[in-house]
Every structure is written in C-alpha cells, then in structure tokens.
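Student: The structure is given below, and queries will be raised subsequently.
Residue numbers (the numbering used here), protein chains in the order written: chain A, -16 to 362; chain B, 53 to 324.
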C-alpha cells in the first residue's frame, strides 16, 4: 500500500513518468508547466535517468525524439507558446514512428495570452498542430489521481504504437495540490516497446510485412547492436527515403490505421449518470469536474442530467458521441475555450441532437452554476 | 594500408546523389579515413544530420544514423550522447543548417562542451534549396536571394565555436584533404565539443553565380583564400581580409566534458 501524499498535477505527471519507465526528460522553463522540469531535475539523476534543460523548446522536443530513437522512454512538457514551437519535432516523431510523451499544461492564448491562467484552447492544436496527414493520441485527465494514471497510460500507448501521445492538463490541474493515494507500483501495467527477435542484419525499423503494423524498436539495451537509419522523409520498410507512390501511400495510411484500427485499446471515456438522462453534458479535463458538480446539483433539483466525458480526447470518440446523438434529445457542450471539440461533436452527431454550449475563454474555470443555468434554460 | 571503404559505406546506396565534383564526398572520405585510422567499430558510431545536401551523408554510412530536421541535428546528437555516453557521436551538417536555423543549438552545445564532433560542410550557400545566401556566403558574392551581391557580414565559425565554449576547433578545406582528415581524426579523439569547419566547393549553386562553375577552379579559389595559422600570424589585418585561417585553432583539454559532469551529478544525487 502506498501512503497518501499531497501533490499537485505537475508533480504527479513527473512521478508517473518515472513509474512508467521514463528516463529522459528535456524541457525549457514556461509557466504553468515549470514544476515538471523542477521536479524531474531532482528525480531523474536519482533514478539514473537523464534530465537536460535545453536552450529552447525546439531543442527540448528534438532531444526527446533523439532519446526515443536511442531506446529511452522520453518526455517533454510545456505550455502555450512552447507547445507551438515543438510542433515540427512532434511531426518528426509521427513520421519516424518514435514513442514520445508531450505534456501540454494548457494556458490561455493565442500568443503569450494568459500564462498563469487556465484554458482548454489547445485541443485542435493537439490534433492538427503539426503539418501533414497524421494521427495523434491525446488524453485529458480530470483529477489528480487520473493525471497520474493517464500519464502511465500515455507512455504505454506511445510505446505500444510507436507514436507521440499528448497529456493535456491545464493551469488548474497543474497547480492544484491535493491528497493523492498513488497506486502500488507493482500493480501498474507498464508496456515497453517490442524488441526485435531477429539478428541485427535482418532488422528493419518499418518492416510491417514481417513484424506487423507496429514493428519492434530497439530499447536502450539493444540500441548499440541494432544499426538502422531513420529520416523525416517518407520512408520505405528499411527506413530509407522513397518517393514510390504505392510505398508512400501504404505508409501514410498505416501510420493512421495503426491507431484508428486499435481504437478499442486506445479509447477511454466515462458515462456519468447517463442511463435515464434527459440532457447530456459533454465535458473533459478539469472542466468535467465542474460539469460533474452541475449534474449532481441538477439531479438534486429534479433535472435528470448526465455527462459524457472522453478521457482519450484524440482520436475523438466518434462512435460513442454518434450513439448519444441518436439516443438523447439535448446536449450541452462545455469547454474552456470558444468551441473546439464542439466541431467534432457536431460532426459526429450529424444534426441528430439539439446542441447548446457553455464556453468560456476568460482565464478562469467554468463554474458549475454556469452549466446548471444553461440546463435550466434549455429544458 | 589503404582504407576499405566498403566497411563503412552502405554500398547498395551508391552512387552518391551529390553533383559531380561536390566537396561533400571529399569530406565524407576524410571522415571515414579518420575513423578507419582510429580503428572504431561501426556499432560504436552514431551519425546525426539535419537537412541539406551534406545532411544526406547519414544515408550512405553504415553506422547508427538519423536524418533529422533542418537545424536540429545538434540537440538530437546531444540527447543520444547523454543516453549512450560510450558511443562516438558525429554531426555532419551544412553551414546554413548549423549556423543559421541551428545556430542556437550549435552555440549551446559548444557551451556545454558535450563530446560531439561537429563537421560543418562550409560551402557558403544553401545548395539543396537552390543557392540562397547563408551566414557564410562571402559578402559581396551572389546568391539566388542576393542577386546584386550579398550585403550580410559572415560568421567566423571557428571564433563562434571558440567563443561559445567548444574545446577543439579546427579549419581546413577540400583543397587539403589529408590535413582535413587529420583534423577530423583529432576532433573525433578529443573528449569534448569539437568543431571542424570544412571549407567546401559548391560550384553549382555558389560557383555558377560567381564565375566559379568549374569545381577545379573553385577548389583553387578556396586554396587561394586559405592561409595557415603560422602564415596568418605574420600577416596584417588588411592582408587577412577575406582569408580563412586554417589549422587547429583552439584546443582545451581542461574544461569538463558534459556527460562526465552529468555522471558526477547522478553519483551525487544517488549518494545523498
């Protein structure tokens, strides 16, 4: 049994990363994510890992990509402007198919925005921030404990699917100190990248015909013996550049389907008091905590409200939201931005449900009362 | 004994895609010969590149290789060296890649004195994208984005590296391939950040715009523009204008290397 501790979201991301096997962190100071590098600068050397504060955000993310190539589980974290700067490197991890965990402690924007204040305005950036067709996995924890468990899941998915995974927290979760009982480390499921079982001369980093849709990738122990090439150019199974139409097309599609085709394993969501609901709230991340209170208070007032909460926000829970659209009459989409996942909800529900919104981009959390007032208005 | 290049090259990837007469091949050969003389094993060598003509070199050598983003080879190399301090980590980069878009990473790696060997193929131009001017395009010469002649002053890569904290700095050129090989060999053996400014000929993108479209003529020009450190010491500032001083320009074995400093930090943390 682990004993309860008082920790904040940034510390929990850091400790979970270590528990997940992360041994390389590269970062650059930025509010409100700075406690992550502060914590890891102390902890990484203790566990024999690498911590480097780089000269900028670009270098940090590139270093994390380089460490992943070299067999290490790696992470970088930032906020707002810093995440914008990391986008090109995140695309490189997509193309090279390297595991990478990127923490975005969301703050107000665009630009410098509100450095110390909360937002959920980077959802679409997480999905489409880097250029080119690509798929991304992103998780958005609601609570402190979930910040810990979702960080571990983020590393597991990054390793399993050889892909970048975002952890989307925010300024509230980052700095919220609370009592958390961490899971016993022995109970955690930790997934490591599959190791090549073939001799080094037969190994190719993208040989899907031989190894399946997510080929093995040498870890730090095997890195020395397996020599291979990687590039940001479109590549063939050997890792060398190609412009062959069929090879490029197959590779581009596989980089997406290796994620969408395993959606059952990647998706995560919660139905809260939905069974008999007249009205569904769509909320995620810390804003779901406000929506949860609103649902509870509504029920006390005789309003049968429920909540659908995606935890894996990307890929979007298409099927579940489409079902909600068919089976319920009214929905309120609430997010701490001016409407981003709203577009996805509208697309998935295809006009089958009446959608209202509680949106706010003011640097402060949405209060349960705002959602409650909207419920009363629409019913 | 002659070097068996097939031990170090991915022979199936040949011929090189570079233009006939390009200096990249000369510099790559110098590097491979230096490695051969050191007796290093392919498994122990990591070569990192960014984007540009010279950066395609990682595709040809049978080491651990990664062809990264424009300007970003150095942070990737830094990370790999931190993860595997026993490996020999080499960055092969162009002048634009390393001193323009990658300039910040370059100076900070120098400052840390991490044990990388950065070989800069300094051909005065962005070749791959079509001859745009770089921070090393000689002032007054033409480029596709300086059709009336370059108004930008240049970096002195050696002074930049030295000032930023690198502990081995040398300059030679494709006109002196044996000397270049010797400097690369010394740089590879040096424990700390070593920078080799390898002056090279891009007769296609720089040369054709500046009446040096013939590679031999351009290599001769490079020869004419370079002066050894010993000779330079006897020359006036006026005489040195437009010249490139060659030689081992700076060497410091006392400054602590970065992976060593980190190793000591880990020991300290674990003994607290």
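All residues carry an ideal CB built from backbone N, CA and C; glycine is no exception.
Check distances from the C-beta atoms of the segment 64 to 78 of chain A to those of chain B and list, in chain order, the residues that come in under 9 Å.
Tutor: 71, 72, 74 and 75
Student: Grouping DSSP H, G and I as helix and E and B as strand, with all else coil, what is residue 243 of chain A?
Tutor: Helix.
Student: Measure the C-alpha to C-alpha separation of residue 59 of chain A and residue 17 of chain A and round it to an integer number of angstroms.
Tutor: Rounded to the nearest angstrom, the two C-alpha atoms are 11 Å apart.
Student: Just curious, the alpha helix (DSSP H) that residue 112 of chain A is in, first and last residue?
Tutor: Where residue 112 of chain A is concerned, there is no enclosing alpha helix (DSSP H), given that its DSSP letter is neither H nor E.
Student: With respect to the beta strand (DSSP E) encompassing residue 169 of chain B, which residues constitute its N-terminal and C-terminal limits?
Tutor: 168 to 174
Student: So, does the CB of residue 117 of chain B fall closer than 7 Å to a CB anywhere in chain A?
Tutor: yes
Student: Are the CB atoms of residue 135 of chain B and residue 50 of chain A nearer to each other than 7 Å?
Tutor: Pairing residue 135 of chain B with residue 50 of chain A gives a Cβ-Cβ distance under 7 Å.
Student: Do the CB positions of residue 308 of chain A and residue 332 of chain A come within less than 7 Å of each other?
Tutor: yes
Student: By a C-beta neighbour count over all protein chains shown, 10 Å radius and 16 as the cutoff for buried, is residue 162 of chain A buried or exposed?
Tutor: exposed
Student: Taking Cβ positions, are residue 73 of chain A and residue 134 of chain A nearer each other than 7 Å?
Tutor: no
Student: Would you mind working out which of B:302, B:106, B:315 and B:281 sits nearest residue 292 of chain B, comparing C-alpha positions?
Tutor: The candidate whose alpha carbon is nearest that of residue 292 of chain B is B:281.
Student: Would you mind listing the alpha helix (DSSP H) stretches within the segment 165 to 195 of chain A that are 4+ residues and don't spill past its ends, in chain order?
Tutor: At a cut-off of 4 residues, the continuous stretches assigned as alpha helix (DSSP H) that sit fully inside the segment 165 to 195 of chain A are 191 to 194.
Student: Contact between the segment 262 to 269 of chain A and the segment 291 to 301 of chain A is defined here as three or more beta-carbon pairs at a separation below 8 Å; is this criterion met?
Tutor: yes
Student: In the structure shown, what three-state DSSP assignment does residue 312 of chain B receive?
Tutor: helix
Student: Decide if residue -16 of chain A is buried, meaning its Cβ has at least 16 other Cβ atoms within 10 Å, or exposed.
Tutor: Its pLDDT being 46, under 50, residue -16 of chain A is placed unreliably in this model, and the value from its coordinates should be taken loosely. Classification for residue -16 of chain A: exposed.
Student: Mind reading off the beta-carbon distance from residue 171 of chain B to residue 248 of chain B? Whole number of angstroms is fine, and I expect it under 8 Å.
Tutor: 5 Å
Student: Starting from residue 299 of chain B, trace the beta strand (DSSP E) both ways and give me its first and last residue.
Tutor: 296 to 303
Student: By the criterion of Cβ-Cβ separation under 8 Å, what are the contact partners of residue 128 of chain B in chain A?
Tutor: 45, 46, 48, 49 and 52
Student: Examine the Cβ distances between the segment 219 to 235 of chain B and the segment 272 to 281 of chain B and report whether three or more of them are shorter than 8 Å.
Tutor: yes
Student: With 9 Å as the limit, tell me which residues of the segment -14 to 9 of chain A have their beta carbon closer than that to any beta carbon of chain B; keep them in chain order.
Tutor: 6, 7 and 9
Student: What beta strand (DSSP E) runs, 3 residues minimum, are completely inside the segment 34 to 122 of chain A?
Tutor: 57 to 61, 83 to 91, 97 to 101 and 120 to 122
Student: Is residue -16 of chain A close to chain B? Criterion is C-beta to C-beta, closer than 7 Å.
Tutor: At residue -16 of chain A, the pLDDT of 46 sits below 50, so the modelled position is not reliable and the matter cannot be decided from this model.
Student: Give a yes or no on whether 7 Å exceeds the smallest Cβ distance from residue 131 of chain B to chain A.
Tutor: Yes, residue 131 of chain B counts as interfacial toward chain A.
Student: To the nearest angstrom, how far is it from the Cα of residue 262 of chain B to the Cα of residue 115 of chain A?
Tutor: 38 Å
Student: Is residue 200 of chain B buried or exposed, if buried means 16 or more other CB atoms sit within 10 Å of its CB?
Tutor: exposed
Student: What residues from the segment 214 to 234 of chain A come within 8 Å of chain B, judged by C-beta to C-beta, listed N to C?
Tutor: 214, 215, 216, 223 and 224
Student: Comparing alpha-carbon positions, which option in B:307, B:60 and B:218 lies nearest residue 112 of chain B?
Tutor: B:60
Student: Ignore the nearest five residues each way along the sequence and tell me which others in residue 180 of chain A's own chain have a CB closer than 8 Å to its CB.
Tutor: 199
Student: Within this structure, are the beta carbons of residue 169 of chain B and residue 246 of chain B separated by less than 7 Å?
Tutor: yes
Student: Have a look at residue 336 of chain A and residue 92 of chain A and give me their C-alpha separation to the nearest angstrom.
Tutor: 31 Å
Student: Quick one: which residues of the segment 232 to 256 of chain A get their C-beta closer than 9 Å to a C-beta of chain B? List them in chain order.
Tutor: none
Student: Any C-beta of chain B within less than 8 Å: which residues of the segment 23 to 40 of chain A qualify?
Tutor: 25, 28, 29, 31, 33, 35, 37, 38 and 39
Student: Along chain A, in chain order, which residues have C-beta atoms closer than 8 Å to that of residue 151 of chain B?
Tutor: Here the premise fails: no neighbours, minimum Cβ distance about 15 Å.
Student: What's the gap between the Cα of residue 77 of chain A and the Cα of residue 146 of chain A?
Tutor: Rounded to whole angstroms, residue 77 of chain A to residue 146 of chain A spans 6 Å at the Cα level.
Student: Can you check DSSP and say which residues form a bridge with residue 254 of chain A?
Tutor: A:291
Student: For residue 302 of chain A, which of helix, strand or coil comes out of DSSP?
Tutor: helix
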